[in-house]
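In full-length UniProt numbering, the protein residues as written are 1 to 79.
Ideal Cβ positions, reconstructed from N, Cα and C, are used throughout, including at glycine.
Note sheet for the following structure.
Here it is in structure tokens:
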């Protein structure tokens, strides 16, 4: 049951980061943009994993889900 929040949060984060990347990647015109966005994407997934490992009980389920929801809402707002 604890992994449900992590799995749902990961799906929300993936969709939100996809929306963010689709809008922001064409706006940057330099060679390192792919490295920059790769690093940002890895950092976002690390933060979600950190929330999952750091908390116990109900927060272990809710924190990755809420973080994924925030990333999704940011992605939808930007797109």
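Sequence-distant residues of its chain with Cβ nearer than 6 Å to residue i (five each side left out)
| i | result |
| --- | --- |
| residue 54 | none |
N- and C-terminal bounds of the alpha helix (DSSP H) containing residue i
| i | result |
| --- | --- |
| residue 42 | 33 to 54 |
| residue 24 | 2 to 24 |
| residue 68 | 58 to 78 |
Residue i classed as buried or exposed, judged by whether at least 16 other C-beta atoms fall within 10 angstroms
| i | result |
| --- | --- |
| residue 5 | buried |
| residue 13 | buried |
| residue 50 | exposed |
| residue 26 | exposed |
| residue 11 | exposed |
Within-8 Å CB hit, residue i to chain C
| i | result |
| --- | --- |
| residue 2 | Checking the listed chains, one finds no chain C in this structure; it contains a single protein chain. |
Residue closest to residue i, alpha-carbon to alpha-carbon, out of the options
| i | options | result |
| --- | --- | --- |
| residue 67 | 18, 52 and 78 | 52 |
| residue 83 | 58, 79 and 74 | This structure cannot settle anything about residue 83, because the visible part of the chain is limited to 1 through 79. |
| residue 37 | 46, 24, 48 and 47 | 24 |
| residue 17 | 29, 40 and 3 | 40 |
Cβ separation of residue i and residue j, assumed to be a contact under 8 Å, to the nearest whole Å
| i | j | result |
| --- | --- | --- |
| residue 78 | residue 20 | 6 Å |
| residue 7 | residue 44 | Wrong, their Cβ atoms sit about 16 Å apart, outside the cutoff. |
Close beta carbons around residue i, own chain, < 7 Å, minus the five adjacent residues each side
| i | result |
| --- | --- |
| residue 48 | 9, 10, 13, 64, 67 and 68 |
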